[in-house]
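Everything below concerns the one structure shown next.
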Amino acid sequence: MAVGTAVRRPAAPLTEGLGTRVRRFGEIAREVLRNPTTLIGLILIVGMIAMAILAPILIEPNTPNPYQMPRDWGALNEPPGTAGHPLGTTQQGGDVLYGVIWGARTSLRLSLIVVSITVIIGLIVGSLAGFLGGKIDELLMRLVDVFLSIPELIFALAIAAVLGPSFGNIILALAAVFWVKYARIIRGQVIHIKQNEYVDAARVIGDSSLNIYMKDVLPNSITPVVVQATLDMGNVVLIGATLSFIGLAEAGLAEWGVLVSQGQAGISAGRWWASTFPGLMVFLWALAFNLVGDGLRDILDPRTESKR
Amino acid sequence: MQIRDYVLRRLMVLPILIIGTSLIVFTLTRVGGSPVGIYLSHEMTPQEVAEIEERYGLDEPLPVQYLTWAGGMLTGDWGWSGVAAAPVRQVFPDKLGATLELAVAAGIVAVAMGIGLGTYGGSRRDRLPDHLTRVFSISGAAMPIFWFGILLLIVFWVGLGWAPIGRSGADIFQSIAHPTGLYTADALIAGNWTAFVDAVWHLLLPAITLGFGTTAIITRMMRSSLVETLSEEYVDAARAKGLPEKLVLRRHARRNALIPTVTVIGLSFGFLLQGTVVVEIIFRWPGLGRWMADAVLRGDQATIMAYVMFTSVLFLLVNLAVDVMYAYLDRRVVLGT
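As they're listed, the protein sequences go chains A and B. Using the working numbering, the first residue of the first sequence is number 1, and each one after it goes up by one. Using the working numbering, the first residue of the second sequence is number 1001, and each one after it goes up by one.
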């Protein structure tokens, strides 16, 4: 078809050839390395993920379930520096260092699962709403509004409460709360891109909707989704740890919020370590992903750059 | 579009959102099974259980149960709280007073410190104070409040022995009348200085803990909007006519930088509200949040439902008020859908 050859797609990121894409990635990487705060965040992330992955090598896994704190009944409430327990022990004889290291693994698991689930749900809901438009769009977006009208933590708390205290239910509760933002982002992108001329052009030359979706809509939505997902990798752990601090995870789980909660009882007796170290990990984890997420937003979205 | 139309339309959507929220809350609590559990004991026969179900309408179809519950919420029958061993409605006002006092105090801390720090950093762009306030505001968003509160307790309660825990001294609270439910206000009304000092002293650490995240958000917004207004032409004009930098900052730049900051202040209300759950646990504060946490751990459905409904409606109303105020403050805002 003669018309078809005349229609050119604009230089949207994914319609470029592989070479340009690799070069673009290189540019982004260089910019990340140039910003000191983003770089600090990145180093923290690499360090903590390495800790999570290498956990079984760093410290001997508890049997049968390594995600459960080992108990040393001969060493309750030992201060940091005790032989065999460099960060001390909890009042149940749990090794704080074990909790810190395996807690990283628990957090990595939690954030990866929740972020993947919510991105997928958001992708489906947002695309349906944006593409189909009309009544379905209206209905789905009102649903999103309703979900947004309950404060995040309280919503997750109520869901986890109903499902019963367990780590699996914390995952479900967080997933039920966090998908909403992605649905909004993707719907916005779909509607924005639908208005572009090149999509009309693609239609004219007979591209199927699915094809347009894969080639134009998805690639253009990736940037804001990546930024949000990076921030959420931190937020999920922050709110997840809050839920388990309140008491919604299994007792004895090697998870930072659970440890802070256990350590809380001992602080009046001067035992500061059992809460301090695991809590510091939650802070560093959330901080790292926030720093990188902010840095990425500034690099990928030039509109906000002037505000820095 | 006229602001009046905008407000009217938002007001019309509000009931839909509230009904939607109530449907979610109701469905959610029914997913966990029948709420009859809280009325049961081990010695009851199946027949007695059935009688209780009948008495509370729990044998009716779900839509009827929903209407019964929603009607109850509207008419002031909020059910029985197993945790408080009393009707929810009866315990609610006292707890709300304690929580509101905490949230308002935290809000004051956050607004005062946030605007102060934001101005301090933003007016010294790219110098050391600016970098320090930026580090502070980034770390605020990542700070787990449950940990921050415990750190403060370790230092100021256990270590230095300066700060107390709980809401009040044992006898002082009893010694005055409580017409408002806000301890600080009640102490002032009673004219009892000892009680007032006691109230403020107990309020300080929890308010700082709860306000920390919000302080960071406000600092950040204030800084960036001040940096923006400082580069506007009218600020240059003010400088050109010879105004000292201090006055330029105070009269021209800061005033305009406050507009977007006000919005952030309003929107961070939800953040404060949900933070009370954790802060009240740590500081043994007898408010709604700790009650909710107990209710969650013990499956007290009536309390959970009332609490979530109440907070969501409050959250929606505050957000609406903020949006309307913003529309008034800044006429340029696009009142689109």
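Beta carbons: idealized from backbone N, C-alpha and C, even for Gly.
Three-way DSSP call (helix, strand, coil) for residue i in this model
i, result
"A1086/B", "strand"
"G94/A", "strand"
"H85/A", "strand"
"I193/A", "helix"
"V230/A", "Note on identity: in this sequence residue 230/A is Thr, with Val being the wrong assignment. Note: T230/A maps to helix in three-state DSSP."
"H1131/B", "helix"
"D200/A", "helix"
"K135/A", "helix"
"T1180/B", "coil"
"E1245/B", "helix"
"T1075/B", "helix"
"M1044/B", "coil"
"I1108/B", "helix"
"E1232/B", "coil"
"R184/A", "helix"
"P224/A", "helix"
"A1207/B", "helix"
"L1096/B", "helix"
"S127/A", "helix"
"A1163/B", "coil"
"G26/A", "helix"
"D1294/B", "helix"
"L248/A", "coil"
"S1268/B", "coil"
"S107/A", "helix"
"R1220/B", "helix"
"S261/A", "helix"
"I1052/B", "helix"
N- and C-terminal bounds of the alpha helix (DSSP H) containing residue i
i, result
"A1190/B", "Y1183 to A1190"
"R297/A", "W273 to L300"
"A1253/B", "Premise fails: A1253/B is in no alpha helix (DSSP H) and is neither H nor E."
"G1020/B", "I1003 to V1031"
"A269/A", "Note, A269/A: premise wrong, no alpha helix (DSSP H); not H, not E."
"R1284/B", "Per DSSP, R1284/B belongs to no alpha helix (DSSP H) and is neither H nor E."
"T63/A", "That residue, T63/A, is in no alpha helix (DSSP H); it is neither H nor E in DSSP."
"I1304/B", "Q1301 to L1329"
"G47/A", "P36 to L58"
"G74/A", "It is not in any alpha helix (DSSP H) - G74/A carries neither H nor E in the DSSP assignment."
"I1145/B", "I1145 to L1152"
"D1059/B", "D1059/B -> no alpha helix (DSSP H), and no H or E assigned at all."
"F155/A", "E152 to L163"
"I212/A", "S209 to I212"
Cβ neighbour criterion (16 or more within 10 Å) applied to residue i
i, result
"F312/A", "In the structure as shown, chain A begins at 1 and stops at 308. Residue 312/A is therefore absent and cannot be evaluated."
"W1193/B", "exposed"
"T1400/B", "For residue 1400/B there is no data in the structure shown, the boundaries of chain B being 1001 and 1337."
"R1134/B", "buried"
"G103/A", "buried"
"T1045/B", "exposed"
"K1095/B", "buried"
"T1027/B", "exposed"
"V3/A", "Low confidence applies to V3/A: its pLDDT is 40, below 50, so where it sits in the model is not reliable, and the reading given next is rough at best. The residue in question, V3/A, is exposed, as its Cβ has fewer than 16 Cβ neighbours within 10 Å."
"L139/A", "exposed"
"T63/A", "exposed"
Pick from the options that is closest to residue i, judged by C-alpha positions
i, options, result
"A1106/B", "V1091/B, T1303/B, L1272/B and L1247/B", "L1272/B"
"W179/A", "A156/A, G164/A and S166/A", "A156/A"
"F1092/B", "L1329/B, R1298/B, M1292/B and V1262/B", "M1292/B"
"A1163/B", "L1023/B, P1144/B and V1197/B", "V1197/B"
"A1142/B", "I186/A, S275/A and F283/A", "F283/A"
"L1297/B", "L58/A, E250/A, D298/A and W285/A", "E250/A"
"G1213/B", "P1179/B, G1140/B, G1181/B and A1257/B", "G1140/B"
"N235/A", "A52/A, V177/A, D216/A and V204/A", "V177/A"
"N290/A", "T37/A, I171/A, G93/A and N65/A", "T37/A"
"G1116/B", "R1250/B, E1280/B and F1269/B", "R1250/B"
"I43/A", "I59/A, I299/A, R297/A and V292/A", "V292/A"
"Y1328/B", "T1276/B, P1260/B, L1096/B and W1201/B", "P1260/B"
"V1262/B", "L1058/B, G1079/B, R1223/B and S1022/B", "R1223/B"
"V1313/B", "I154/A, T90/A and G295/A", "I154/A"
"I1154/B", "R23/A, R271/A and H192/A", "R271/A"
Beta bridge counterpart(s) of residue i as assigned by DSSP
i, result
"Q68/A", "L253/A"
"H1202/B", "Partner(s): none; H1202/B has no beta bridge."
"S1081/B", "A1086/B"
Near the ligand PLP: residue i beta-carbon under 8 Å from a heavy atom
i, result
"G1082/B", "Questions concerning the ligand PLP fall outside what the structure shown contains, since it holds no ligand whatsoever."
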